[in-house]
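To keep things clear, I will list the structure first and then write my remarks on it.
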Amino acid sequence: MLKKEKKEQIIDEVATNLSRCTIAIATDYRGLSAKEMVQLRRRLTELGIEYRVVKNTLTRFAAERAGKKQLEALLAGPVAIAFGYDDAVKPAQVLREHIRSSGSVLQIKGGVLGDKLLTAEDISALATLPSREVLVARLVGQLQAPLQILHDVLSAPLCELLNVMQARIKQVEGG
Numbered sequence: 672m673l674k675k676e677k678k679e680q681i682i683d684e685v686a687t688n689l690s691r692c693t694i695a696i697a698t699d700y701r702g703l704s705a706k707e708m709v710q711l712r713r714r715l716t717e718l719g720i721e722y723r724v725v726k727n728t729l730t731r732f733a734a735e736r737a738g739k740k741q742l743e744a745l746l747a748g749p750v751a752i753a754f755g756y757d758d759a760v761k762p763a764q765v766l767r768e769h770i771r772s773s774g775s776v777l778q779i780k781g782g783v784l785g786d787k788l789l790t791a792e793d794i795s796a797l798a799t800l801p802s803r804e805v806l807v808a809r810l811v812g813q814l815q816a817p818l819q820i821l822h823d824v825l826s827a828p829l830c831e832l833l834n835v836m837q838a839r840i841k842q843v844e845g846g
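My numbering applies: residue 672 is where the sequence shown begins, and numbers increase by one.
Spelled out as structure tokens, the structure:
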């Protein structure tokens, strides 16, 4: 049994994680071997994602303290939470990829993105989104396209004039 001071420390840590994170994804880890849990944690940690198993009661207190009471709906049975701090899509992608590639029994229960409660289906849909870098690159490409078209339209007459002048020079020199 945990001492009261230790419980308070855990509640504070989880509340801090919930306050700082952009997304928190709750998973049911029943059936995972210790080896698979270590591999998953290592992979998540490499990407700056924290993965914690905390008693549901302590997580409830932490969620209330952090203003994320919607997380309480996901706290049934054994729950481990992945805290993503930068990219909200990356934790969903990593968990989905782990489940798919290893045939894992890990189940995504749902999550909290900002103040919104997400279902397991929402997390799966989030996992299919391209990364932030890809989305930014697409946006830049979309913004650049009209400028490129305008450049092409404005420079076309000059190019044609240059072609006519070069043809005339060849005609005069050759003739």
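C-beta atoms are modelled at their ideal positions from N, C-alpha and C, and glycine is treated no differently.
Can you tell me which residues form a DSSP beta bridge with residue i?
| i | result |
| --- | --- |
| Arg723 | Ile752 |
| Ile779 | Thr698 |
| Leu788 | Val783 |
Taking the alpha-carbon positions, what's the residue i to residue j distance?
| i | j | result |
| --- | --- | --- |
| Val807 | Pro801 | 10 Å |
| Glu707 | Phe732 | 29 Å |
| Arg854 | Glu743 | Residue coverage of the chain in this structure runs from 672 to 846, which leaves residue 854 outside it and unanswerable. |
| Lys678 | Glu735 | 15 Å |
| Leu887 | Ile694 | Residue 887 lies beyond the residue range present for the chain, which begins at 672 and ends at 846; the question has no answer from this structure. |
| Leu718 | Asp757 | 10 Å |
| Ile820 | Cys830 | 15 Å |
| Ala753 | Asp786 | 16 Å |
| Ala737 | Thr698 | 20 Å |
| Leu789 | Pro817 | 37 Å |
| Val824 | Asn834 | 16 Å |
| Ala791 | Thr728 | 22 Å |
Can you tell me the Cβ-Cβ gap for residue i and residue j, rounded? I've got them flagged as a contact below 8 Å.
| i | j | result |
| --- | --- | --- |
| Ile696 | Ile779 | 6 Å |
| Ala763 | Ile794 | 5 Å |
From which residue to which residue does the alpha helix (DSSP H) around residue i run?
| i | result |
| --- | --- |
| Pro762 | 760–773 |
| Gly738 | Per DSSP, Gly738 belongs to no alpha helix (DSSP H) and is neither H nor E. |
| Glu844 | 803–845 |
| Asp683 | 675–691 |
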